[in-house]
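S.K.: Those protein sequence lines, which keep their order, are chains S and C. For what it's worth, this note's numbering labels the leading residue of the first sequence as 83, then goes sequentially. For what it's worth, this note's numbering labels the leading residue of the second sequence as 39, then goes sequentially. C-beta: ideal position from N, C-alpha, C; glycine also.
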Amino acid sequence: EAGVAQSPRYKIIEKRQSVAFWCNPISGHATLYWYQQILGQGPKLLIQFQNNGVVDDSQLPKDRFSAERLKGVDSTLKIQPAKLEDSAVYLCASSLDRQGADSPLHFGNGTRLTVT
Amino acid sequence: GEDVEQSLFLSVREGDSSVINCTYTDSSSTYLYWYKQEPGAGLQLLTYIFSNMDMKQDQRLTVLLNKKDKHLSLRIADTQTGDSAIYFCAERVGGKLIFGQGTELSVKP
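1) Distance cutoff 7 Å, beta carbons only. Does S:Ala123 sit that close to anything in chain C?
2) Report yes or no: do three or more beta-carbon pairs, one from the segment 121-129 of chain C and one from the segment 74-85 of chain C, lie closer than 8 Å?
3) Give the residues of chain S in contact with C:Gln97, contact being defined as C-beta atoms less than 8 Å apart.
4) If we define contact as Cβ-Cβ less than 7 Å, is C:Ala123 a contact residue for chain S?
5) Anyone know if the C-beta pair for C:Ser111 and C:Ser49 falls short of 7 Å?
6) For a quick check, are the C-beta atoms of C:Tyr69 and C:Phe88 less than 7 Å apart?
7) Spell out whether any CB of chain C is found under 7 Å from the CB atom of S:Asn106.
8) Between C:Leu135 and the rest of its own chain, which residues show a CB-CB distance below 8 Å, the 5 nearest in sequence each way excluded?
9) Within 7 Å (strictly less), CB to CB, does S:Phe103 reach chain C?
10) If contacts are defined as beta-carbon pairs under 8 Å, then S:Pro163 and S:Arg146 qualify, I think. What distance do you get, rounded to the angstrom?
11) Tell me whether S:Leu127 sits in a helix, a strand or coil according to DSSP, three-state version.
12) Are the beta-carbon atoms belonging to C:Gln44 and C:Thr141 less than 7 Å from one another?
13) Run down chain S in chain order and give the residues with a C-beta less than 8 Å from the C-beta of C:Lys108.
14) List the residues of chain C whose Cβ lies closer than 9 Å to the Cβ of S:Leu173, in chain order.
15) Got a sec? Which residues, its chain only, sit under 6 Å from C:Thr85 by beta carbon, not counting five neighbours each side?
16) To the nearest whole angstrom, what separates the beta carbons of S:Lys97 and S:Val197, a pair I think is in contact under 8 Å?
17) Should C:Phe47 be flagged as near chain S, meaning a C-beta pair shorter than 7 Å?
Put into structure tokens, the structure is as follows:
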């Protein structure tokens, strides 16, 4: 099966600019996650969707970050305006999670964002 | 609270066994996972264990879970240079995955 697709692979922007990342999960996966991975750290959850509804966005800096998952498939994550500390790899993941059963998360290759 | 701790570095010789350790704090974890991350890549699922199991073996990988001590380990038998990567332990709590900071495994020929 095709894996989780993310684009772009790399993005360099100046602070205060805006940027958007795109994710296409594995076909049929109900749950989609966005993680932020700062260099030298483990990934941290930003937002979790179940189909097209938000399950957990408690760690999302809502003054500058937004995410949507229209039609319960693809998702976009936006940062506006970007700060230097937003430099990180943004990882998208999906899991099957049918009928309440926990399923492993499968990750895309990520988008490496550099804010200058 | 939710916290996952790992040692930062491990260095082994090719052919030896590697043991990567992890401790977690949330006793309500349902599953515990090991992921591998190579430079510039995403996270690759290696293996996972249900919280009511003590051990799981999958080819060269052995996962041991001590639920009483909240300790998880990953043993890689006959470690190869291709195993050099960062290994992340993660616990599943309430539907989300909480990751440790990763252990960098260096395999010397």
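M.R.: From the atom records:
1) Within the first sequence, numbered from 1, the residue matching residue 123 of chain S stands at position 41. Residue identity check: residue 123 of chain S is Gln in the sequence provided, not Ala. Yes - at least one Cβ of chain C is within 7 Å of the one on S:Gln123.
2) yes
3) For this step, residue 97 of chain C is matched to residue 59 along the second sequence. By Cβ distance, chain S contributes nothing, its closest Cβ being about 17 Å from C:Gln97, past 8 Å.
4) Taking the second sequence and counting its residues from 1, the one referred to as residue 123 of chain C is at position 85. C:Ala123 does not count as touching chain S.
5) The residue labelled residue 111 of chain C in the question sits at position 73 within the second sequence. The residue labelled residue 49 of chain C in the question sits at position 11 within the second sequence. Contact: no.
6) Working through the second sequence from its first residue, we reach residue 69 of chain C at position 31. Working through the second sequence from its first residue, we reach residue 88 of chain C at position 50. Cβ distance < 7 Å, so C:Tyr69 and C:Phe88 count as in contact.
7) Here residue 106 of chain S is taken as the residue at index 24 of the first sequence, counted from 1. Closer than 7 Å: no.
8) One-based indexing of the second sequence puts residue 135 of chain C at position 97. For C:Leu135, the CB contacts under 8 Å within the same chain, skipping 5 residues up- and downstream, are Tyr71, Ala128 and Glu129 in chain order.
9) Numbered from 1 along the first sequence, position 21 holds the residue referred to as residue 103 of chain S. No, its Cβ sits nowhere closer than 7 Å to a Cβ of chain C.
10) Position 81 of the first sequence, counted from the first residue, corresponds to residue 163 of chain S. Position 64 of the first sequence, counted from the first residue, corresponds to residue 146 of chain S. Going by Cβ atoms, the distance from S:Pro163 to S:Arg146 rounds to 6 Å, so yes, they are a contact pair.
11) Counted from its first residue, the first sequence places residue 127 of chain S at position 45. S:Leu127 falls in the strand class under three-state DSSP.
12) Stepping through the second sequence from its first residue, residue 44 of chain C is reached at position 6. Stepping through the second sequence from its first residue, residue 141 of chain C is reached at position 103. Yes, these two residues count as a Cβ contact at 7 Å.
13) Locating residue 108 of chain C in the second sequence gives position 70, counting from the first residue. Here the premise fails: no neighbours, minimum Cβ distance about 17 Å.
14) Position 91 of the first sequence, counted from the start, is the residue given in the question as residue 173 of chain S. Result: Gly80 and Leu81.
15) Position 47 of the second sequence holds residue 85 of chain C. These residues qualify, in order along the chain: Trp72, Asp96, Leu99 and Val101.
16) Here residue 97 of chain S refers to the residue found at position 15 when the first sequence is read from its first residue. Here residue 197 of chain S refers to the residue found at position 115 when the first sequence is read from its first residue. With 8 Å as the limit, S:Lys97 and S:Val197 qualify as a contact, their Cβ atoms being about 5 Å apart.
17) As a position in the second sequence, residue 47 of chain C is number 9, starting the count at 1. Chain S has no Cβ within less than 7 Å of the Cβ of C:Phe47.
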